[in-house]
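Enquirer:
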Amino acid sequence: MMRLYDTATRGVRELELREPGTVSIYLCGPTVYGPPHLGHGRATLVYDVLRRYLEWSGLKVRLASNITDIDDSIINRANRENRPWQDITTKCEAVWFEAMGKLGVARPSDVPHATEYVDEMVAMIGQLVEIGRAYSTDDGVYLSVETVADYGLLANQRLSDMIEGGGEREVFGADNKRHPADFALWKLAKPGEPAWPSPWGDGRPGWHSECVVMSLDLLGEGFDLHCGGMDLKFPHHENERAQAVALGKRFANHWMHNGFVVDPVGEKMSKSLGNVTNLLDLMEHYDPRAYRMLLLQSHYRGPVSVGQDNIDAAVKALSGLDSFAARTASLPVVDPDADVLARFREQMDDDLDTPSSTALLFDTVRRANAALDAGDPSVASLAAAVGEMCTAFGLVLNAGGDVPAEALAKAAALDAARAARDFAAADALRADLQAEGFTVETTKDGTQLRR
RNA sequence: GGCGACGUGGCCGAGUGGUUCAGGCAAGGGCCUGCAAAGCCCUGUACAUGGGUUCGAUUCCCAUCGUCGCCUCCA
Numbered sequence: 001m002m003r004l005y006d007t008a009t010r011g012v013r014e015l016e017l018r019e020p021g022t023v024s025i026y027l028c029g030p031t032v033y034g035p036p037h038l039g040h041g042r043a044t045l046v047y048d049v050l051r052r053y054l055e056w057s058g059l060k061v062r063l064a065s066n067i068t069d070i071d072d073s074i075i076n077r078a079n080r081e082n083r084p085w086q087d088i089t090t091k092c093e094a095v096w097f098e099a100m101g102k103l104g105v106a107r108p109s110d111v112p113h114a115t116e117y118v119d120e121m122v123a124m125i126g127q128l129v130e131i132g133r134a135y136s137t138d139d140g141v142y143l144s145v146e147t148v149a150d151y152g153l154l155a156n157q158r159l160s161d162m163i164e165g166g167g168e169r170e171v172f173g174a175d176n177k178r179h180p181a182d183f184a185l186w187k188l189a190k191p192g193e194p195a196w197p198s199p200w201g202d203g204r205p206g207w208h209s210e211c212v213v214m215s216l217d218l219l220g221e222g223f224d225l226h227c228g229g230m231d232l233k234f235p236h237h238e239n240e241r242a243q244a245v246a247l248g249k250r251f252a253n254h255w256m257h258n259g260f261v262v263d264p265v266g267e268k269m270s271k272s273l274g275n276v277t278n279l280l281d282l283m284e285h286y287d288p289r290a291y292r293m294l295l296l297q298s299h300y301r302g303p304v305s306v307g308q309d310n311i312d313a314a315v316k317a318l319s320g321l322d323s324f325a326a327r328t329a330s331l332p333v334v335d336p337d338a339d340v341l342a343r344f345r346e347q348m349d350d351d352l353d354t355p356s357s358t359a360l361l362f363d364t365v366r367r368a369n370a371a372l373d374a375g376d377p378s379v380a381s382l383a384a385a386v387g388e389m390c391t392a393f394g395l396v397l398n399a400g401g402d403v404p405a406e407a408l409a410k411a412a413a414l415d416a417a418r419a420a421r422d423f424a425a426a427d428a429l430r431a432d433l434q435a436e437g438f439t440v441e442t443t444k445d446g447t448q449l450r451r
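Under the working numbering, the first residue of the first sequence carries the number 1, and numbering increases by one thereafter.
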């Protein structure tokens, strides 16, 4: 079975499955109030690769990933733009899934929305109040973190140490809380704000409650893996966990966090800093597969800078893979090379080591190309292994595909001109085809076209 | 103040106590080609600095410098 770094134990350990053969994963999804940024893209791609690899390995994966469709950021934008908050959330969600589609990220098995779970959240908060782990004030209901023995486990910080720093930020509800680290489970509505009924007054849930309720509802207690970006480790995941612990429920067995996207100077790229680079822009200007490629070549836990050079290199690397796909497209179907796949599994099982695995992918491509040049039949099993690895990566290679008839006619004319040694005509035809956007490869077996 | 990450050859980016080696991109040379394209082969003695441990460190330890992240709502 796969070994993964676990934030809670701060080491790589085996991902133990609650139920053999199936993996239950909860991934914290976006708050829908703006276009997806590069960080969203990284997180979803990392876990898409994980999911596809697990499925490729023969496991049944249930991936639940929420949409936070009620939140202060949404309300703020609605007020700023003077339009209904639902207008923002529905549009942003549509944009989100469109972007995910372009990225090749498979839709989660379950997409729960916070607003669909308000009753359940109210019930859970009620329980927490009842057992004395939460209390209400004049602006909401708070979880008492001091009642959670190991609060700070994910942050790897003691409560007292956490309080020392960070004095510069505004602390929500600071005046009313028993302890500065207590966090809001329920926020009472101000006039005009969206609100749901509750025993403590009309209001809305705090951010951290939805994931607890939804993950436990869909995946059940002790589900296998909870994941998200580094920035969610604290406070979001810490606070989710605190609620589950306070309730006496078994929560995630394993915690996985991916590293940040940083700008070329190395600074975290985040919404709060305002230096957002839009995921939509990236996909508009570059092959969306390039981002996946770039991330595959980096380890998921480290920072990744997304820059011009990086993306260009990834695009070039993809073009080599595409041309490989094109030249091996008509090979006989055989079993993939077992040694290659064994190494692939070994590396991927080792904390999702995609950098080594992509190195293996390129190496296998090179070997297969050499075999093909040499007329060695082993090319077929190597090419099949490449196909397997790409499937596990979620990387779709472009073998050229549909070439219009008139382009094919030009290619035939090009071959005829070459056979007649009319190189001027041949070159003109080639330039013509290239101008149409085709990659033109003149081989012994005739001219191949691909886009 | 606390916790943590990172500094690798032209660029990106893995990894390891010791002969050969990540990988991608770029560069140079070669093979192939009418010329290209695609592909293949060859070429770079890199690991922030200063100590220490060791027969031997880029890899372990300590310190220094530098960059960055988190410490209440950002994937």
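Quick reminder that beta carbons are idealized off the backbone N, C-alpha and C, glycines included. These numbers were taken from a predicted model, which means no experiment stands behind them.
Might you give, ordered along the chain, the residues of its own chain that have their beta carbon closer than 7 Å to the beta carbon of G166, omitting 5 neighbours on each side?
Expert: Working through the first sequence from its first residue, we reach residue 166 at position 166. Any reading at G166 must be qualified, since the residue scores a pLDDT of 48, below 50, and its modelled position is unreliable; the value itself is stated next. So no residue of the chain qualifies.
Enquirer: Spatial neighbours of E436 within its chain, please: CB distance less than 8 Å, with the 5 preceding and 5 following residues excluded, ordered by chain position.
Expert: Indexing the first sequence from 1 puts residue 436 at position 436. So the list reads A407, once near-sequence residues are dropped.
Enquirer: Check each candidate in D139, E16, W56, A246 and name the one with the smallest Cα separation from A149.
Expert: Position 149 of the first sequence holds residue 149. When each option's Cα is compared against that of A149, the closest is A246.
Enquirer: As a quick exercise: from A99, V386, A181, A411, pick the residue whose alpha carbon is nearest that of R289.
Expert: For the purposes of this step, residue 289 is taken as the residue at position 289 of the first sequence. Comparing Cα positions, the closest option is A99.
Enquirer: From I311 to G228, what distance separates their C-alpha atoms?
Expert: The count along the first sequence starts at 1 and reaches residue 311 at position 311. The count along the first sequence starts at 1 and reaches residue 228 at position 228. For I311 and G228, the distance between alpha carbons rounds to 23 Å.
Enquirer: Round the Cβ separation of L17 and L4 to the nearest angstrom and send it over; I've been treating them as touching at under 8 Å.
Expert: The residue given as residue 17 occupies position 17 in the first sequence. The residue given as residue 4 occupies position 4 in the first sequence. Not a contact, Cβ separation roughly 12 Å.
Enquirer: Using the three-state DSSP reduction, which class does A8 fall into: helix, strand or coil?
Expert: The residue labelled residue 8 in the question sits at position 8 within the first sequence. Here A8 sits in coil by DSSP.
Enquirer: Can you give me the Cβ contacts of V46 inside the same chain, cut-off strictly under 6 Å, excluding the 5 residues immediately before and after it?
Expert: Locating residue 46 in the first sequence gives position 46, where the first residue counts as 1. The answer, listed in chain order, is N258, Y300.
Enquirer: Going by DSSP, name the residue or residues bridged to N278.
Expert: Position 278 of the first sequence holds residue 278. Looking at the DSSP assignment, N278 forms a beta bridge with H37.
Enquirer: Within 10 angstroms of its Cβ, does S330 collect 16 or more other Cβ (buried), or is it exposed?
Expert: Start at 1 with the first residue of the first sequence, and residue 330 comes out as number 330. Result: exposed.
Enquirer: With which residues is M256 paired in a DSSP beta bridge?
Expert: For this step, residue 256 is matched to residue 256 along the first sequence. Paired residues: C227.
Enquirer: Per DSSP, I25 is paired with what?
Expert: As a position in the first sequence, residue 25 is number 25, starting the count at 1. Answer is L63, L225, bridged to I25.
Enquirer: Comparing C-alpha positions only, which one of I125, G220, P84 sits nearest to G201?
Expert: Stepping through the first sequence from its first residue, residue 201 is reached at position 201. Of the candidates I125, G220, P84, the one whose C-alpha sits nearest the C-alpha of G201 is I125.
Enquirer: Looking only at its own chain, which residues have a Cβ that is under 7 Å from the Cβ of T358, when we skip the five neighbours before and after it?
Expert: Translated into positions along the first sequence, residue 358 becomes position 358. Excluding positions up to five away in sequence, the list reads L296, Q297.
Enquirer: W96: which of P84, D48, V141, Y33 sits nearest, CA to CA?
Expert: Here residue 96 refers to the residue found at position 96 when the first sequence is read from its first residue. Ranking P84, D48, V141, Y33 by Cα distance to W96 puts Y33 first.
Enquirer: May I ask you to list the residues that DSSP assigns as paired with V141?
Expert: Counting from one through the first sequence, the residue named residue 141 turns up at place 141. BP columns for V141 point to S136, W186.
Enquirer: How do the region 409 to 428 and the region 375 to 385 stand: do at least 3 beta-carbon pairs fall below 8 Å, yes or no?
Expert: The region 409 to 428 vs the region 375 to 385: no contact.
Enquirer: On the DSSP letters alone, give me the boundaries of the beta strand (DSSP E) that G446 sits inside.
Expert: For the purposes of this step, residue 446 is taken as residue 446 along the first sequence, with counting starting at 1. 446 to 450 is the extent of the beta strand (DSSP E) around G446.
Enquirer: Going by alpha carbons, who is nearest to A155 out of W255, S57, N369?
Expert: As a working note, residue 155 is residue 155 in the first sequence. Residue W255 is the option with its Cα nearest to A155.
Enquirer: Using a 10 Å radius around the Cβ and a threshold of 16 neighbouring Cβ atoms, would you call V396 buried or exposed?
Expert: Position 396 of the first sequence, counted from the start, is the residue given in the question as residue 396. By the neighbour-count rule (16 or more Cβ atoms within 10 Å), V396 is not buried but exposed.
Enquirer: Assuming A64 contacts L143 (C-beta within less than 8 Å), just tell me the rounded distance between them.
Expert: Your numbering for residue 64 matches position 64 in the first sequence. Your numbering for residue 143 matches position 143 in the first sequence. Wrong, their Cβ atoms sit about 23 Å apart, outside the cutoff.
Enquirer: Compare the beta carbon distance of A392 and Y53 with 7 Å and say whether it is the shorter of the two.
Expert: Counting from one through the first sequence, the residue named residue 392 turns up at place 392. Counting from one through the first sequence, the residue named residue 53 turns up at place 53. Cβ distance < 7 Å, so A392 and Y53 count as in contact.
Enquirer: Give a yes or no on whether the C-beta atoms belonging to G140 and W186 are separated by under 7 Å.
Expert: Working through the first sequence from its first residue, we reach residue 140 at position 140. Working through the first sequence from its first residue, we reach residue 186 at position 186. It is a contact, given that the beta carbons lie within the stated cut-off.
Enquirer: What residue range is occupied by the uninterrupted beta strand (DSSP E) comprising G203?
Expert: Here residue 203 corresponds to residue number 203 of the first sequence, with the count starting at 1. Segment 203 to 205, the beta strand (DSSP E) holding G203.
Enquirer: CA-CA distance, S209 and Q434?
Expert: Within the first sequence, the letter at position 209 stands for residue 209. Within the first sequence, the letter at position 434 stands for residue 434. Spanning the two alpha carbons is a distance of roughly 56 Å.
Enquirer: Which ranges would you report for the alpha helix (DSSP H) in the region 304 to 344 if only whole runs of at least 4 residues count?
Expert: Runs of the alpha helix (DSSP H) inside the region 304 to 344: 308 to 327.
Enquirer: Run through DSSP, which three-state label would V46 get?
Expert: To locate residue 46, count along the first sequence from 1; it is residue 46. Looking at V46 - three-state DSSP - the assignment turns out to be helix.
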